[in-house]
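Sequential numbering from 0 applies to the sequence shown in numbering that gives the first Met the number 0. Note that beta-carbon positions come from the ideal geometry of N, C-alpha and C, so glycine has one too. Keep in mind that this is a model prediction, so the values were computed, not measured. Presented below is the structure to which this report refers.
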Amino acid sequence: MLRRGGLHRLSMLGAWVLGAAGVLVFGGAPCQAGDIWSDIVARCPSSPRSFEQVLTYLETLRGTGRVGLASIGVTHQGRPIPLVVVAQPAATVSETKKLFIIARQHGNEPSGTTAALALAEHFAVSQGVFEQEILKRLTFIIVPVANPDGAAAGRRANSKGVDLNRDWSARTQPETRAIAAAIEAWQPDAILDLHELPAATRRPAYQENFLETAGRSPLLQAGLCAATSTISRSFASWMHYYGYPCNVFYDYPGKSLALCHRYFGLALGYPAFLCEAKNGPAMTLARKAGVHILAALVIGNYLINSQGTTPLLAAQQAPSPPTEQAPAVKQQEVTVPPAPPPQPRVAVQALPPGETSAEAHRVQIEARVLDADNFSYLTVDINGRMRTLTNRSVHRIVIDTSTLGDGTHTVVVAAHSAGGGVIAQQTCELTIERGRLLVAK
Ligand SMILES: [Zn+2]
């Protein structure tokens, strides 16, 4: 728990601390001066820096006394792969929690670099008590440009044409090998990998900003599942608060480990997160970077408020509203009673499968949250396993019935408040025969 004091910034701190405990308390509109997320986003430039500009900029941060710089490897074309460590000089790094941030594996996705540098700058130069208190407990270890050759050329792959975020189980490239070695050396408490989604795409999962991480599974360590579950729910709530639509997708053992967050999460047991910021007309560089900055703050907040792998942050249920007592009234005072407030509810329906054979085994479930003023996010579980979490009140999930297997499957859709409590829930049963949806009820 961070030390309390009289500074306005600590009201925000209180919210973050409570957020980590599963109870988000927003004290009205955030005070601009006290809103650390807005302060960091304000440091983002309007256009991306070139790779050379990034190196020059990092040198200027070195002078703050809180920043260490290193090159952890060299690319095929001879560029250094920079590593930035932002730490409180008075703190012993091994006694702090460590958040490892990887930006721009895809060279044409600059918002991760922009976010990483804004975070580094903010914690490097801020004289605020709040920031210094955080740095006593949290060290940022940042690879701001994981793919320097791709960044210099403005393209996704590295100079050998390899998509680095498909290279993690094999690690054939100097970039993935260097970053894996740095992670092994630093042993971080969490890993965050920053990306961007194209504006135009037909893939349903790519329609909104999203976070992807390990789901709850008995095959994974309980502490890991507690961290990924709490952080992802907290992220969705804060995204809702800042006006961003977002989804969360959960991975389970058996998925391909070629992606960075799955390799470090499912194979090596780190709480690891893929953060995807959506491109679009309203998504300026700073707005996209804001998604990444929020993810880093939410994860950092979790880390500094958790002890080791103890699942301190087990979801707390928000108290249920008191049951309405019928008022005792005199006979002559009885008039038309006021209508009771509408109860929050979730409506679920299976949409008809498409007509083409490619779509016949895909069923779309539409969930709609109604009359829930305190709605924060929606979860979709299939057969007891959480598949998706979203902060949109209307959501369509696409299910491939051929992968579910024949039989009856239970889909539970639940709406949650910011505190994590379930405010409404609906169950839908899908009966599948020969890979096709037979009945949904
Ligand atoms: Zn990417």
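Asked, Found
"Span separating the alpha-carbon of Val421 from that of Asp372", "13 Å"
"Lys96 burial status per 10 Å Cβ neighbour count (16 or more: buried)", "buried"
"Ordered list of beta strand (DSSP E) runs contained in the region 119 to 150, each at least 3 residues", "137 to 142"
"Segment contact, 8 Å Cβ cut-off, at least three pairs: the region 90 to 104 with the region 192 to 200", "yes"
"Residue(s) in a DSSP beta bridge with Asn246", "Phe209 and Thr389"
"Three-state secondary structure (DSSP) of Leu9", "Low confidence applies to Leu9: its pLDDT is 32, below 50, so where it sits in the model is not reliable enough to give any reading."
"Cα-Cα separation, Glu51 to Arg155", "18 Å"
"Length of the line joining the Cα atoms of Trp185 and Gly383", "36 Å"
"Opening and closing residue of the alpha helix (DSSP H) in which Arg61 lies", "Phe50 to Arg61"
"Simplified DSSP state of Gly420, which is helix, strand or coil", "coil"
"Leu429 beta carbon less than 9 Å from that of Arg232", "no"
"Assigned exposure category for Pro147 - 16 Cβ within 10 Å defines buried", "buried"
"Cβ-based burial, Arg201 [other Cβ within 10 Å; buried from 16]", "exposed"
"Buried versus exposed, by CB contacts within 10 Å (16 or more), Asp166", "buried"
"Cβ neighbours of Val345 in the same chain (closer than 8 Å, five flanking residues each side left out)", "Ala366, Arg367, Val368, Leu369, Leu377, Val412, Ala413, Ala414, Ala423, Gln424 and Gln425"
"The region 255 to 272 touching the region 157 to 175, judged by at least three CB pairs closer than 8 Å", "yes"
"Residues sharing a beta bridge with Thr426, DSSP", "Val411"
"Spatially closest choice to Val297 from Ile133, Ala151, Arg176 and Leu437, by CA coordinates", "Ile133"
"Cβ pair Glu207, Lys277 closer than 9 Å", "yes"
"DSSP state of Asp38 mapped onto helix, strand, coil", "helix"
"Backbone CA spacing between Val92 and Asp399 [nearest angstrom]", "46 Å"
"Residue span of the beta strand (DSSP E) that contains Leu465, given as start and end", "Coverage of the chain is limited to positions 0 through 440, which leaves residue 465 absent and any answer about it impossible."
"Contact test: Asn246 Cβ vs ligand 1 heavy atom, cutoff 8 Å", "no"
"Anticipated Cβ contact below 8 Å, Ile292 with Leu118, distance rounded", "6 Å"
"The beta strand (DSSP E) enclosing Cys43, as first and last residue numbers", "Counting along the chain, Cys43 falls outside any beta strand (DSSP E), and DSSP gives it neither H nor E."
"Counted within 10 angstroms of its Cβ, other Cβ atoms place Ser158 as buried (16 or more) or exposed", "buried"
"Between the CA atoms of Leu256 and Ala295 - distance to the nearest angstrom", "23 Å"
"Contacting residues, own chain, Cβ-Cβ under 7 Å from Arg136 (five flanking each side not counted)", "Thr95, Lys96 and Ile303"
"Backbone secondary structure at Glu432 - three-state DSSP", "strand"
"Limits of the beta strand (DSSP E) - the one that Arg367 falls within", "Arg361 to Leu369"
"Contact test: His194 Cβ vs ligand 1 heavy atom, cutoff 8 Å", "yes"
"Buried versus exposed, by CB contacts within 10 Å (16 or more), Ala271", "buried"
"Nearest residue (CA-CA) to Gly434, options Ser416, Arg361 and Val393", "Arg361"
"Same chain, Cβ closer than 8 Å to Arg78, neighbours up to 5 away in sequence not counted", "Phe50, Pro147, Asp148 and Ala151"
"Buried or exposed (CB count within 10 angstroms, at least 16 for buried), Ala313", "With a pLDDT of 28 at Ala313, under the threshold of 50, the modelled position of that residue is not reliable, and the figure given next carries that caveat. Exposed is the call here."
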